[in-house]
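What follows is a short report on a single structure.
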Amino acid sequence: MVTPRTRRRRAPAPRCPIRAGEPCSLCVPGATGPQDCQLVALVREDPELLELQQEMMRKHRNR
Numbered sequence: 004m005v006t007p008r009t010r011r012r013r014a015p016a017p018r019c020p021i022r023a024g025e026p027c028s029l030c031v032p033g034a035t036g037p038q039d040c041q042l043v044a045l046v047r048e049d050p051e052l053l054e055l056q057q058e059m060m061r062k063h064r065n066r
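Going by our numbering, the first residue of the sequence shown is number 4, and it counts up by one from there.
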């Protein structure tokens, strides 16, 4: 009997929205990813930090 081959897929690694191009390294204790990281929340709530972060992301994309 021939069985179909199953492909193993790796779970996608979440990207850090603060450090452009890097994976989430769980640098904040208790965080399970960017979705519950206090640093990400802080940056998104502060207009000045958000502007700086967006500028960094633009520079990273234009390299």
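Beta carbons are placed, not taken as given, at the ideal position from N, Cα and C, and that holds for glycine.
Where do the N-terminal and C-terminal ends of the alpha helix (DSSP H) with glutamine 57 fall, by residue?
Taking the sequence shown and counting its residues from 1, one reaches residue 57 at position 54. Looking at the DSSP string, the run of the alpha helix (DSSP H) that includes glutamine 57 is 50 to 64.
Can you give the Cα-Cα distance for glutamate 58 and arginine 64, rounded to whole angstroms?
Your numbering for residue 58 matches position 55 in the sequence shown. Your numbering for residue 64 matches position 61 in the sequence shown. Looking at the two C-alpha atoms, the distance is approximately 10 Å.
Exposure label - cysteine 27; buried when at least 16 CB within 10 Å
Numbered from 1 along the sequence shown, position 24 holds the residue referred to as residue 27. Label assigned to cysteine 27: buried.
By a C-beta neighbour count over all protein chains shown, 10 Å radius and 16 as the cutoff for buried, is cysteine 30 buried or exposed?
Taking the first residue of the sequence shown as 1, we reach residue 30 at position 27. Classification of cysteine 30: exposed, given that the 10 Å Cβ count is below 16.
Could you compute how far the alpha carbon of leucine 55 sits from the alpha carbon of leucine 42?
Position 52 of the sequence shown holds residue 55. Position 39 of the sequence shown holds residue 42. Using only the alpha carbons, I get a separation of about 14 Å.
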